[in-house]
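**Student:** Take this structure, written in structure tokens, and hold onto it; I'll ask about it next.
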Amino acid sequence: MTPPTPAERGREVREKLLAAARALIGELGWNAVSTRILAQRAGVRPGLVHYHFESLPALLRRAALDAMRRTLDDTAAVLAGAATPADGVDAMLSFLDHYTGRDPESLLFSEAYLVATRDEELRARMSELIADFHGDLAERLARAGHHAPEDAATLLMAVLDGFVLHKGLDPGLSAARIAPLVRDIVTARGEGEGEKGENR
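Heads up: the sequence shown begins at 1 in the UniProt record's numbering, then just goes up one per residue.
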């Protein structure tokens, strides 16, 4: 077997460090992850942390952003595969239903949101990811004829975030419980239709 090249070994070490960071952020909290603890979990020498990454905060940001990008991409793919926005809501909620709010990935995202209030670079990069997803969602709603696609996309994203967050406090919360209400957010209807319905 051909031994790995230096570039391949470098990629392997970086992936080990990023995987360890994703796990430790959820387990210990962002600020409790040290170079020593991270290297120990990854099974590499501490010096390799700063050899492969500009700094420990840069590594933690990269780990969190990579995880967020994957989740948003997976969620977008679920939406794209649905026949209608309402079907997309059902599919996205079902996809997110496997998160408990206390699982490692949910905790990683919660930590990242908290740190982003103080870390301008992380906040800017997270905002870019969220803006891209928001744009795709709003475009899908506009094509379906929604009268306020931008606002509906914003509201839907807030609901999806809150759904996962509240599951950490309410284990009984499920996609099935909230799906009928959330589908109303993406249902295309004209301005004033709601008032007409209320006055019947």
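Quick reminder that beta carbons are idealized off the backbone N, C-alpha and C, glycines included.
Measure how close the beta-carbons of Ile25 and Leu60 come, nearest whole angstrom, since I'm counting them as under 8 Å.
**Tutor:** Indexing the sequence shown from 1 puts residue 25 at position 25. Indexing the sequence shown from 1 puts residue 60 at position 60. Ile25 to Leu60, Cβ: 6 Å. Contact.
**Student:** Determine the extent of the alpha helix (DSSP H) in which Leu17 is found, giving its start and end residues.
**Tutor:** As a working note, residue 17 is residue 17 in the sequence shown. Segment Pro6 to Leu28, the alpha helix (DSSP H) holding Leu17.
**Student:** Between Asp74, Met92, Gly29 and Gly101, which lies nearest to Pro171 when the distance is taken from Cα to Cα?
**Tutor:** If you number the sequence shown from 1, residue 171 lands on position 171. Pro171 has its Cα closest to that of Gly101, out of Asp74, Met92, Gly29 and Gly101.
**Student:** Does the beta carbon of Ser34 sit closer than 8 Å to a beta carbon anywhere in chain C?
**Tutor:** The chain inventory of the structure shown lacks chain C, comprising one protein chain alone.
**Student:** In chain order, what residues of the same chain have a beta carbon less than 8 Å from the beta carbon of Pro3, not counting five sequence neighbours either side?
**Tutor:** Residue mapping note: residue 3 aligns to position 3 of the sequence shown, counting from 1. Nothing meets the Cβ criterion.
**Student:** Would you decide whether Thr75 is buried or exposed? Buried here means 16 or more other CB atoms lie within 10 Å of its CB.
**Tutor:** Here residue 75 refers to the residue found at position 75 when the sequence shown is read from its first residue. Buried, since its Cβ has 16 or more Cβ neighbours within 10 Å.
**Student:** DSSP three-state label for Thr2, please.
**Tutor:** Along the sequence shown, one-based indexing puts residue 2 at 2. If DSSP states are grouped into helix, strand and coil, Thr2 belongs with coil.
**Student:** So which of Asp87, Ala7, Ala19 and Gly10 has the shortest CA-CA distance to Arg183?
**Tutor:** To locate residue 183, count along the sequence shown from 1; it is residue 183. Of the candidates Asp87, Ala7, Ala19 and Gly10, the one whose C-alpha sits nearest the C-alpha of Arg183 is Asp87.
**Student:** Alpha carbons only, please: which of Ala131, His146 and Thr71 is nearest the one belonging to His98?
**Tutor:** Translated into the one-based positions of the sequence shown, residue 98 becomes position 98. Here the closest residue by C-alpha is Thr71.
**Student:** Cα-Cα, which of Leu48, Phe133, Ala23 and Asn31 is closest to Thr154?
**Tutor:** Reading the sequence shown from its first residue, position 154 is the one you call residue 154. Comparing Cα positions, the closest option is Phe133.
**Student:** Roughly how many angstroms lie between the CA atoms of Ala144 and Ser174, to the nearest whole one?
**Tutor:** For the purposes of this step, residue 144 is identified with residue 144 of the sequence shown, where counting begins at 1. For the purposes of this step, residue 174 is identified with residue 174 of the sequence shown, where counting begins at 1. Cα to Cα, the separation comes out at about 26 Å.
**Student:** Looking only at its chain, what residues have a beta carbon closer than 7 Å to the beta carbon of Met92, apart from the 5 residues adjacent to it on each side?
**Tutor:** Position 92 of the sequence shown, counting from 1, holds the residue named residue 92. Closer than 7 Å at Cβ, skipping near neighbours: Thr75, Val78, Leu79 and Leu160.
**Student:** Could you round the C-beta distance between Leu141 and Pro180 to whole angstroms and report it? I think they count as a contact, below 8 Å.
**Tutor:** Working through the sequence shown from its first residue, we reach residue 141 at position 141. Working through the sequence shown from its first residue, we reach residue 180 at position 180. Their Cβ separation, rounded to whole angstroms, is 18 Å, which puts Leu141 and Pro180 out of contact at 8 Å.
**Student:** With distance defined between alpha-carbon atoms, name the residue in Ala64, Gln40 and Thr35 nearest to His50.
**Tutor:** Here residue 50 refers to the residue found at position 50 of the sequence shown. His50 has its Cα closest to that of Thr35, out of Ala64, Gln40 and Thr35.
**Student:** Taking Cβ to Cβ, would you say Arg22 is nearer than 8 Å to Ala58?
**Tutor:** Locating residue 22 in the sequence shown gives position 22, where the first residue counts as 1. Locating residue 58 in the sequence shown gives position 58, where the first residue counts as 1. Contact flag unset, no.
**Student:** For the alpha helix (DSSP H) containing Leu155, list its first residue and its last residue.
**Tutor:** Counting from one through the sequence shown, the residue named residue 155 turns up at place 155. Leu155 -> alpha helix (DSSP H) spans Pro149 to Lys167.
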